[in-house]
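Below: the structure, in structure tokens.
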Amino acid sequence: MEMKQPILNKVCTLYIDNWYSSPSLFLKLLKYDTNAFGTVKKNGKNMPKLLASLKLEKREVKIVSCRGIMTSKWKDKKDVYILITKHSNADFVDTGKKRKTKDGIRIFEDILCYRLQ
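Here's what the structure looks like:
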């Protein structure tokens, strides 16, 4: 795999979709001091099997961290798997949208950042 040098060794975060994300790519980016955030397929290569086997309630988050990469599973309408090298709090934030029940929609903070990119 060839990586373009202009993005490496920079204080920046790459946002990557699940077609390209993998733990091995994120480890390579970490070696070059480049942060990454991306959705990932649950059955992708080198993904922790522990998260796939967990049953979550809606809006529940489980996190596993290893070798500088945080892997999380978040339950919304379906399971969402995320890889992150730039760690933040696993907090929920208000999206500003409302449901029919007038409750605000709260979302995993890192997902909101990903959607804004």
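Residue 1 is where the sequence shown starts when you use full-length UniProt numbering, and the numbers rise one by one after that.
A virtual CB, placed ideally from N, CA and C, is assigned to each residue, including glycine.
In this text, all values refer to a predicted model and were calculated from it rather than measured experimentally.
What does residue i pair with, by DSSP beta-bridge criteria?
| i | result |
| --- | --- |
| A36 | L14 |
| K75 | D79 |
| K62 | K73 |
Reducing DSSP to helix, strand and coil, say where residue i ends up.
| i | result |
| --- | --- |
| K49 | helix |
| L8 | coil |
| S24 | helix |
Just to confirm before moving on: does the CB-CB distance between residue i and residue j stay below 8 Å?
| i | j | result |
| --- | --- | --- |
| V61 | S53 | no |
| S21 | T39 | yes |
| K75 | K49 | no |
To which residues of the same chain is residue i closer than 6 Å at the C-beta, ignoring the five residues directly before and after it?
| i | result |
| --- | --- |
| D33 | N9 |
| K41 | N18 |
| L29 | A36 |
Under the assumption that residue i contacts residue j (Cβ atoms under 8 Å), give the Cβ distance between them as a whole number of angstroms.
| i | j | result |
| --- | --- | --- |
| L83 | I63 | Contact flag wrong, Cβ pair sits at about 11 Å. |
Which same chain residues end up closer than 8 Å to residue i when comparing Cβ atoms and leaving out the 5 residues on each side of it in sequence?
| i | result |
| --- | --- |
| F37 | T13, L14, Y15, I16, I82, L83, I84, T85, K86, D110, C113, Y114 |
| D79 | K42, L56, K73 |
| K45 | S22, P23, S24 |
For residue i, which residues of its own chain have a beta-carbon under 7 Å away from its beta-carbon, when the five flanking residues on both sides are left out?
| i | result |
| --- | --- |
| residue 148 | Outside the shown range of the chain, which is 1 to 117, sits residue 148, and nothing can be said about it. |
| R67 | L27 |
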